[in-house]
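Residue numbers (my numbering): 8 to 253. For every residue, glycine included, the Cβ atom is placed at its ideal position computed from N, Cα and C. Every value quoted in this text rests on a predicted model; they were computed, and no experiment measured them.
In structure tokens form, the structure reads like this:
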């Protein structure tokens, strides 16, 4: 049986179909880690350092979730996190206690604060694309679990997603194709430092299979660290020494 194909190859795909086609064909050429644990930085005093509450959160993450022998660990001694990834001084500070407990390096796609906000934003765009591309296409990470502590706007932000289409995406939500899964928030609120996004990929594919949001809960061990619900106020004020979202 013969099929009539127009000159020039396949007919033009509609934008959405073309996006899905691109995702699926790319998936056949590369494989992602088995799991990516995504979180944003802990509470900050300024662009360079965590406030006291943020420092406590970083320790809480080490002892409760992300560190070796953590109470509610996402890992095991046999299958530890392969790498920790970070992008700026705040995300490095947040990841450091947990990474040290595993004696694991932090892969730092370095963006340092600068006075020129536009240049810094462009650097965050570029480094986020580079990091996502490496994670989705690096054979050494296939089947592993990695942790990304990232700038919240470059995890998910509807303004950035609208401004930068699929091929030029700058958020992990688009770069990891999370927007094809149900239940993935379109934005990471600036008042929330207390959640994980956990993304699972099937074997030999970089198309995500499952998404889960997990709220950080440190119990009584770090009582001053906020555990506010998604999108709700943290309860911190300026007296805390932390930057406070309105």
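- In this structure, residue 191 lies away from residue 44, with their beta-carbon atoms at least 8 Å apart.
- Rounded to the nearest whole angstrom, the C-alpha separation of residue 195 and residue 159 is 6 Å.
- When C-beta atoms of the segment 134-154 are compared with those of the segment 86-104, three or more pairs fall below 8 Å, so the two segments count as touching.
- Residue pairing for residue 217: DSSP places it in a beta bridge opposite 207.
- Apart from sequence neighbours up to five positions away, the residues of its chain that approach residue 231 with a beta-carbon distance below 7 Å are 60, 63, ordered along the chain.
- Within the same chain, 54, 55, 95, 96, 127 come within 8 Å of residue 120 by CB-CB distance, once the 5 residues on both sides are set aside.
- Per DSSP, reduced to three states, the secondary structure at residue 157 is strand.
- Between residue 41 and residue 143, the beta carbon gap of about 13 Å keeps them out of contact (Cβ cut-off 8 Å).
- In this structure, 179 is the residue among 115, 179, 229, 200 with its C-alpha nearest to the C-alpha of residue 193.
- Put simply, the segment 210-228 touches the segment 69-84. At least three CB pairs are less than 8 Å apart.
- Only residues of its own chain outside the window of five on either side were considered, and among them 180 have a CB closer than 7 Å to the CB of residue 186, listed in chain order.
- If you draw a 10 Å sphere on the C-beta of residue 243, you find 16 or more other C-beta atoms in it, and that means buried.
- DSSP places residue 149 in the coil class of the three-state scheme, outside both helix and strand.
- DSSP places residue 222 in the strand class (E or B) of the three-state scheme.
- Contact annotation: residue 101 and residue 156 have beta-carbon atoms nearer than 8 Å.
- Distances from the alpha-carbon of residue 222 to those of 145, 215, 205 put 205 closest.
- DSSP, reduced to helix, strand and coil, places residue 184 outside both helices and strands of the structure shown, so it counts as coil.
- By alpha-carbon distance to residue 235, the top candidate from 166, 135, 252, 110 is 252.
- According to the DSSP assignment, residue 142 belongs to no beta strand (DSSP E) but to the alpha helix (DSSP H) extending over 124-144.
- At a Cβ-Cβ threshold of 8 Å, residue 46 and residue 203 count as neighbours.
- For residue 117 and residue 134, the gap between their C-alpha atoms comes out near 8 Å.
- According to DSSP, residue 113 shares a beta bridge with 91.
- Apart from the 5 residues on each side of it in sequence, residue 240 sits with its Cβ closer than 7 Å to the Cβ of 198 in its chain, given in chain order.
- Around the beta carbon of residue 146, a 10 Å sphere encloses fewer than 16 other beta carbons of the protein chains shown; the residue is thus reported as exposed.
- With respect to the 8 Å criterion, residue 65 and residue 58 are not classified as neighbours on the basis of their beta carbons.
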